[in-house]
Amino acid sequence: MSEAYFVTLVRHGESTANAEGRHQGQMDFPLTERGQAQAQALARRWLREGRRYHALIASPLSRALQTAQILADTLNLDIETDPLWMERDNGVLAGWRWEEARERFPIPDLLHLYHPVGDTGESIWDLYLRAGQAIQRLLRRPPGRYLVVSHGGLLHMVLYAILGIAPQPNFLGPRFVLRNTAFVDLEYRPEEGRWRLHGLTNPNEEGFLG
5 MSEAYFVTLV
15 RHGESTANAE
25 GRHQGQMDFP
35 LTERGQAQAQ
45 ALARRWLREG
55 RRYHALIASP
65 LSRALQTAQI
75 LADTLNLDIE
85 TDPLWMERDN
95 GVLAGWRWEE
105 ARERFPIPDL
115 LHLYHPVGDT
125 GESIWDLYLR
135 AGQAIQRLLR
145 RPPGRYLVVS
155 HGGLLHMVLY
165 AILGIAPQPN
175 FLGPRFVLRN
185 TAFVDLEYRP
195 EEGRWRLHGL
205 TNPNEEGFLG
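In the numbering used here, the protein residues as written are 5 to 214.
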């Protein structure tokens, strides 16, 4: 029997754009003080639980990289960055407040799978394909325990790909609640070719994981 992959996917802590209600995409925004505290709370929780990982992989965007650094410092890990785990490129929407973006760039009645978001960004299909590439690259590593720090939009498509859910026009498929520093525990056994979802853990209403 071959060894398994145990993978934990984490969404970054609160960023300045999250706090201001702005589209982020691949524009770089740092963590707020609250976001740093969220990551520290998660790190302390995992230290108490005795979690161990063989590698930590992070999106190179600041909000993910800062979250990863806090986790790495506590869990004694090095960080590898991989651009496949970056957030969706949302084109001209990046940096705009949500309400301003809705007025300036109205959402079409039909946002089909191949429509680039924000004129020049990634389509739903682009994002889904990149999620599949990220998973495949991860599974080309040796079996082990992997921690990945990424973003809500990309992690949605990663879960779609893992769970066999096809993306839908207008984002009409299932939605996962992934608050800042939410994490998903997964297992993959190559001899079965099957994923197991062990759990999705969200912070409390105050935004922290105890």
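The C-beta atom is built at its ideal place from N, Cα and C for all residues, glycine as well.
Predicted model only: the values in this text are computed from it and were never measured.
- Annotated three-state conformation of ILE166 is helix, per DSSP.
- Judged by pairs of C-beta atoms under 8 Å, the segment 96-108 touches the segment 20-29, as three or more such pairs exist.
- Within the same chain, Cβ atoms closer than 8 Å to the Cβ of PRO147 are found at SER6, GLU7, ALA8, TYR9 and PRO194, the five residues on either side in sequence being excluded.
- Positions of the alpha helix (DSSP H) runs, each at least 4 residues long and wholly inside the segment 43-79, are given as 66-79 in order along the chain.
- The beta-carbon distance between ASN208 and ASN22, rounded to whole angstroms, is 17 Å. This is too long to meet the 8 Å contact definition.
- Take LEU81, set aside five residues on each side of it, and the residues of its chain with a beta-carbon closer than 8 Å to its own are TYR57, ALA59, LEU60, LEU75 and LEU151, in chain order.
- Judged by beta-carbon spacing, ARG67 lies beyond the 8 Å limit of HIS116, meaning their Cβ atoms are not closer than that value.
- Secondary structure note for GLU103: its alpha helix (DSSP H) is the uninterrupted segment 102-108.
- Rounded to the nearest whole angstrom, the C-alpha separation of GLY122 and GLU18 is 23 Å.
- In terms of Cβ geometry, THR71 and ASP189 do not form a close pair [threshold 8 Å].
- ASP93 sits buried, since 16 or more C-beta atoms from the chains shown fall within 10 Å of its C-beta.
- Taking the C-beta atoms as reference points, GLN137 is found nearer than 8 Å to LEU88.
- Residue SER63 holds the alpha-carbon nearest to the alpha-carbon of ARG134 among SER63, PHE33, ARG149 and GLU37.
- In the assembly as shown, PRO171 is a buried residue. Its beta-carbon has 16 or more other beta-carbons within 10 Å.
- The residues SER127 and TRP129, in chain order, have a CB closer than 7 Å to that of TYR118 in the same chain once the five nearest residues on each side in sequence are set aside.
- Here DSSP, grouped into helix, strand and coil, assigns TYR118 to coil.
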